[in-house]
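**Q** Going by the UniProt record's numbering, the residue at position 181 of the sequence shown is 181; the numbering climbs one at a time, nothing skipped.
Take this structure first; my questions come after.
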Amino acid sequence: SSQAKMNRTLEQRYAVKFCVRLGKTATETYTMIKDAFGNNSMGRSSIFEWHKLFKEGREQVENDHRSGRPSTSRSDQNVRKVKEILDTDRRLTIRLIAEELEVLERLRKRVLRVRPAMASTWKLHHDNAPCHTALLVQEWQAKHNLLTLPHPPYSPDLAPPDFFLFPRLKRQMKGRRFDTIETVKEAVTRGLRSIPVENFQQAYANWQTRYTKCINSGGCYFEEY
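Okay, here's the thing in structure tokens:
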């Protein structure tokens, strides 16, 4: 359908944007897009054009509004379209990859600044979500020599956000209503800042206990930690 085609186009434009951020040339970007999307990929001229635009500083991936065309960004029609996209792909993988790359870059710089002695030895642990294992993310990790610890599938009990952070935030926000995205962000930020440092330290101590037990059992599943 035309909507599915537009979704694929936007997804590929995001991918081009990430390639630019990773320092890929237009030719390298074209090859990666062709490998990833095959016959559904954008044409060479379009990829080169968007590569040039993003390299020059463009942020927006959507087409520019035509002169005289009214903006409908808040219309019911667009709300329905957004809902359809979310229903089709709730992960919104490409957007999550962007966030993942930005988070990794901030984390890398912080380790270099705060824990320089660990800069060449620290390892990353994640839960194998699609945005974590995407090709662009793996290339970024390889570029910065960042090793990743293996994570067994379907094991949220080994991921601190899943067994500690998210449940705690959910309890704090349960039963509350938010009118805008900004109020949600503010509430989450307050919730995070209200958690004592000692609780985070205990969570990571529990994480070490859990993954040690998992390693000692040869990766077998068990009822509780």
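Ideal placement from N, C-alpha and C gives every residue a C-beta, glycine not left out.
Please read these numbers as outputs of a predicted model, since none were measured by experiment.
Going by other Cβ atoms of all chains shown within 10 Å of its Cβ, with 16 needed for buried, is leucine 136 buried or exposed?
**A** buried
**Q** Among the candidates Leu146, Gly175, Lys55 and Leu124, whose CA atom is the shortest distance from the CA of alanine 159?
**A** Leu124
**Q** Based on the DSSP output, what are the partners of threonine 148 in its beta bridges?
**A** Leu124
**Q** Identify the continuous alpha helix (DSSP H) that holds alanine 142 and give its terminal residues.
**A** Start and end: 135 to 143.
**Q** Mind pulling the alpha helix (DSSP H) runs of 4 or more residues that sit fully within the region 178 to 204?
**A** 181 to 193
**Q** For the candidate residues Met118, His151, Ala117 and Trp140, whose alpha-carbon lies nearest to that of asparagine 128?
**A** Looking only at Met118, His151, Ala117 and Trp140, the smallest Cα-Cα distance to asparagine 128 is reached by His151.
**Q** Roughly how many angstroms lie between the CA atoms of threonine 148 and cysteine 19, to the nearest whole one?
**A** 21 Å
**Q** Taking only three categories from DSSP, how would you classify methionine 118?
**A** helix
**Q** Are at least three pairs of beta-carbons, each pair with one atom in the region 104 to 113 and one in the region 185 to 194, less than 8 Å apart?
**A** no
**Q** Alpha carbon to alpha carbon, how far is alanine 205 from valine 7? Give it in angstroms, no decimals.
**A** The displayed chain sequence assigns asparagine, not valine, to residue 7. Each residue's Cα considered, the two are about 42 Å apart.
**Q** What did DSSP end up calling lysine 24 once you bin it into helix, strand or coil?
**A** coil
**Q** Beta carbon of arginine 108, beta carbon of histidine 132: below 9 Å?
**A** no
**Q** Work out the CA separation of aspartate 162 and threonine 212 for me, nearest whole Å.
**A** 18 Å
**Q** Excluding five sequence neighbours on each side, which residues of the same chain lie with their C-beta closer than 7 Å to the C-beta of methionine 42?
**A** Thr9, Gln12 and Ile33
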